[in-house]
Amino acid sequence: MPRYITFSLFFLIGLFANGQVHINEIVASNANGIQDADGNHPDWIELYNSSSSSVDLKDFSIADKDDDDAKWFFPQITIAPKSFLLVFASGLDRKNVNELHSDFKISKSGEDIFLYNAQGTIISSLPSVPLDEDQSYGSIPDGTASYVYFSDPTPRATNDGSKSISASKQSSYYSDDFDLTLTSINPCIEIKYTLNGEEPTNNSLGYSDPITISKPATDFGRLSSIPTTPLVGPSILNFFKWKTPERVSKVNTVNYAGFCNDTLVTPVYHKTYINDKIGNLHQFPIVSITTDSVNLFDSDTGIYIPGTYHDNSGWSGGFPPGNYGLRGRDWERNVHVSYFSENRKLEWATNAGIRMRGGGSVSFAQKSFTLYFRDEYGQSAIEYPFFDGFNFNEYKRLAFRNSGNDFVQTHFRDAMLQSLLTDFDIEGQQSKPSVVYIDGEYWGIHNIREKHDKHFFHELTGIGKDSFDILNTCGVIDEGDNTEFMALQDYLLTNTLHSDANYDYVASLVDVDNVIDYFIAQIYTANYDWPYSNMKLWKSKRPGSKWRYIIYDLDFTFNQDNSSGFWVNSLEHTLDTSATWGRQECSNRIFRRLLDNENFRDKFIARFAHHLNNAFSTRNVNEAIADFEARFRPEMDEHIARWGFPSDIDGWNSNVNALRSFAKERPCVMLEDLLEFF
Numbered sequence: 000m001p002r003y004i005t006f007s008l009f010f011l012i013g014l015f016a017n018g019q020v021h022i023n024e025i026v027a028s029n030a031n032g033i034q035d036a037d038g039n040h041p042d043w044i045e046l047y048n049s050s051s052s053s054v055d056l057k058d059f060s061i062a063d064k065d066d067d068d069a070k071w072f073f074p075q076i077t078i079a080p081k082s083f084l085l086v087f088a089s090g091l092d093r094k095n096v097n098e099l100h101s102d103f104k105i106s107k108s109g110e111d112i113f114l115y116n117a118q119g120t121i122i123s124s125l126p127s128v129p130l131d132e133d134q135s136y137g138s139i140p141d142g143t144a145s146y147v148y149f150s151d152p153t154p155r156a157t158n159d160g161s162k163s164i165s166a167s168k169q170s171s172y173y174s175d176d177f178d179l180t181l182t183s184i185n186p187c188i189e190i191k192y193t194l195n196g197e198e199p200t201n202n203s204l205g206y207s208d209p210i211t212i213s214k215p216a217t218d219f220g221r222l223s224s225i226p227t228t229p230l231v232g233p234s235i236l237n238f239f240k241w242k243t244p245e246r247v248s249k250v251n252t253v254n255y256a257g258f259c260n261d262t263l264v265t266p267v268y269h270k271t272y273i274n275d276k277i278g279n280l281h282q283f284p285i286v287s288i289t290t291d292s293v294n295l296f297d298s299d300t301g302i303y304i305p306g307t308y309h310d311n312s313g314w315s316g317g318f319p320p321g322n323y324g325l326r327g328r329d330w331e332r333n334v335h336v337s338y339f340s341e342n343r344k345l346e347w348a349t350n351a352g353i354r355m356r357g358g359g360s361v362s363f364a365q366k367s368f369t370l371y372f373r374d375e376y377g378q379s380a381i382e383y384p385f386f387d388g389f390n391f392n393e394y395k396r397l398a399f400r401n402s403g404n405d406f407v408q409t410h411f412r413d414a415m416l417q418s419l420l421t422d423f424d425i426e427g428q429q430s431k432p433s434v435v436y437i438d439g440e441y442w443g444i445h446n447i448r449e450k451h452d453k454h455f456f457h458e459l460t461g462i463g464k465d466s467f468d469i470l471n472t473c474g475v476i477d478e479g480d481n482t483e484f485m486a487l488q489d490y491l492l493t494n495t496l497h498s499d500a501n502y503d504y505v506a507s508l509v510d511v512d513n514v515i516d517y518f519i520a521q522i523y524t525a526n527y528d529w530p531y532s533n534m535k536l537w538k539s540k541r542p543g544s545k546w547r548y549i550i551y552d553l554d555f556t557f558n559q560d561n562s563s564g565f566w567v568n569s570l571e572h573t574l575d576t577s578a579t580w581g582r583q584e585c586s587n588r589i590f591r592r593l594l595d596n597e598n599f600r601d602k603f604i605a606r607f608a609h610h611l612n613n614a615f616s617t618r619n620v621n622e623a624i625a626d627f628e629a630r631f632r633p634e635m636d637e638h639i640a641r642w643g644f645p646s647d648i649d650g651w652n653s654n655v656n657a658l659r660s661f662a663k664e665r666p667c668v669m670l671e672d673l674l675e676f677f
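Per numbering that gives the first Met the number 0, the very first residue in the sequence shown carries number 0; after that it's consecutive.
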């Protein structure tokens, strides 16, 4: 055989073998599985050589993004035919041939994985898929492009598909109708599925033929036709009473599982398919929640409705009580959550717990809720950068707000005002708008917020999670204890701060700059629903740590109604010690006592003037209003059609203009009030 023919033949054989090395299985949260030599449980990536020839992986590389700078290169190592090779995705960058460690980790929320040959060509890749703890994603059969989720990972061994079901389409957006095929290689398994968000049982539909996924209708469905408030009651009810939807957009949900001899033997799989015509309605991320309807809407167990608790309450005034107001783990329900970002990508999906949240606003038609991520559900935390320019990317709890009292007006008042406080010395709340679908039915705009708890402050400070005292109004304990705070309150009751020595002592316990910025923000915005409520403070347990205020729930502000109009003297409201509306002298005691000190008064006045000329200047505030108005306007038609609040788009425009009126008039009013008081 001529030499050049021999060379070409071996070259082609080598290229063919290169192409038969596959990414065969990955684990992104290895809690209880295989250990490395250090006894740790890193993420891992398994390769499989499906060819009949050994492959030298020298100059091959893997990466978690398709970028030359992200590639991790293999050392001189060979993978035998029909064999497996494990790479720990630990971030440790070790190239010992006995145990390989890449220089990157795999996010539980999902990220693409790429395998390149020596020429830099992609020869295998896995799409970004979210994975729960000790769950893997891999090929069935080994070395093919048919991937499924496994509840029992098999590192360095053949993937066992006997307890898995593969789907022909993953959760995503789609432009045309399609047939969804579900497959199991286990002849014992009978696939059962639902199309309404319910968990599949033996009594669910049995899969036999492909399921047609088409654009769903927009008439309101079985859940969106359920009233979420009482329909009869005192006149206050008319402010937020549930209304029959004009229309309800929908996405397709498919939940399926495998049963053998009437016993569930596979995981329950959840898929969400969003038709482009529906997806084009939204510029915000889409959050698809599926759950058994009894969790939210059953009279006895449903947490989204008035239910039995309301029926037995004898309601005669104020906000109506209901199942939605009950708290604690007993009123936490199981859900599955899929999060699609603005770029139409499924970023993460997991099981979670859901609880209702809020005070009076929880009785509104649309409600706020909190998602809890725990090992018992799936992921113990979500790793995802929800908030632009924010360093946190791990969340154990996320709040989804109906915008509180602003639910009936602009739906962005609090988020807009918090955006003005970036230069303030306060812990505020980041915000990201989203639209929620429950069991495939449109549920409107929800603002995603981080929750101010021990996990938040751990991420903020790096201090241990059990090392914080977090208190509500007048020292009511949220987390930790209030011993030091109550001692401070007692001191302020019996000592005046006219004395600089006494003032310095209090300043050693309370962050004075934080107090000043916090009260300026609340006073300028004319927050009527404060300080007797919606007040929270925190500090670490470390010596020298000072109490700091947290700002949140700025919904009852900024021309929300006459009590928060631009003309209101909020300084008087802040300093009020009467019993009206349940105000307690203790809620504003720290601020009142600090005002006794001349040094503090001078700092407060100077700082207020600075903020009126900068963050709270009419121009700056109007720019923020215009930005939020532009972001929310495309979503408002669908939201109004779903909930009937505000009454129509003209009503929404009027509410936005009320913000502009406040921005224009407030600085002069505020200046007059300050001059009069001081």
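We put the CB at the ideal spot given by N, CA and C, even for glycine.
Every unbroken stretch of the alpha helix (DSSP H) spanning 4 or more residues and falling wholly within the region 392-429 is given here in chain order: 412-418. In the structure shown, Tyr323 adopts helical secondary structure according to DSSP, grouped into three states.
Here the region 243-250 makes contact with the region 214-230; the two share three or more CB pairs at distances below 8 Å. Taking a C-beta distance under 8 Å as the contact criterion, Ile164 and Thr182 qualify as a contact pair. Here Gly650 carries a helix assignment [DSSP, helix/strand/coil]. Put simply, of Thr421, Glu440, Asp310 the residue whose alpha carbon is nearest the alpha carbon of Thr289 is Glu440. The Cβ-Cβ distance between Val334 and Ile304 does not fall below 8 Å.
Nearest in C-alpha terms to Asn654, of all of Asp560, Phe607, Val267, is Asp560. Short of 6 Å from the beta carbon of Ile462, and not among the five residues preceding or following it, lie these beta carbons of its own chain, in chain order: Ser539. Assignment of beta strand (DSSP E) within the region 123-191, counting only whole runs of 3 or more residues, yields 135-138, 146-149, 171-173, 177-179 in chain order. Ranked by Cα distance from Leu46, the options Asp92, Gly359, Asn158 are led by Asn158. Nearest to Asp261 by C-alpha distance, out of Ser287, Phe238, Gly205, Trp314, is Gly205.
In the three-state DSSP reduction, Asn201 falls in the coil class, being neither helix nor strand.
Going by DSSP, Glu346 is part of the beta strand (DSSP E) stretching over 345-356. By the Cβ test, the region 51-60 is not in contact with the region 137-148, since fewer than three Cβ pairs between them sit closer than 8 Å. In terms of CA proximity to Asn568, Val668 leads the group Ala69, Phe363, His309, Val668.
Around the beta carbon of Arg665, 16 or more other beta carbons lie within 10 angstroms, which makes this residue buried. The beta carbon of Leu114 sits closer than 6 Å to the beta carbons of Ile22, Ile61, Ile122, Ser123 from its chain, once the five residues preceding and following it are set aside; these are given in chain order. Straight across, the Cα-Cα distance linking Tyr173 with Thr300 is about 35 Å. Annotated three-state conformation of Asp55 is strand, per DSSP. By the neighbour-count criterion, in which a residue is buried when 16 or more other Cβ atoms sit within 10 angstroms of its Cβ, Asn322 is buried. Per the C-alpha coordinates, the member of Leu593, Asp178, Gly160 positioned closest to His497 is Leu593. Around the CB of Ile188, 16 or more other CB atoms lie within 10 Å, so the residue is classed as buried. A distance below 7 Å between beta-carbons, with the five flanking residues on each side excluded, links Leu280 to the following residues of its chain, in chain order: Ser248, Glu637.
Annotation: Ser52 to Ala79 spans about 7 Å, alpha carbon to alpha carbon. Classified as exposed, His609 has fewer than 16 neighbouring CB atoms from the shown chains inside 10 Å of its CB. Residue pairing by DSSP puts Thr77 in a beta bridge opposite Asp55.
Nearest neighbour of Phe467 by Cα position, chosen from Leu673, Asn392, Glu478, turns out to be Glu478. In this structure, the straight-line span from the alpha carbon of Leu536 to that of Asp595 is close to 21 Å. Unbroken beta strand (DSSP E) runs of no fewer than 3 residues, entirely contained in the region 521-550, are found at 535-539, 547-549, following chain order. Trp442: member of the beta strand (DSSP E) spanning 440-449, first to last residue. Within the DSSP bridge table, the entry for Ser60 names Phe72, Tyr115 as partners. Straight through space, the alpha carbons of Asn350 and Tyr376 are spaced by roughly 5 Å.
Only exposed fits Ala144, as fewer than 16 other CB atoms lie within 10 angstroms of its CB. In this structure the region 192-200 lies against the region 425-440, because at least three pairs of beta carbons, one per stretch, are closer than 8 Å. The straight-line gap separating the alpha-carbon atoms of Leu325 and Phe590 is approximately 33 Å.
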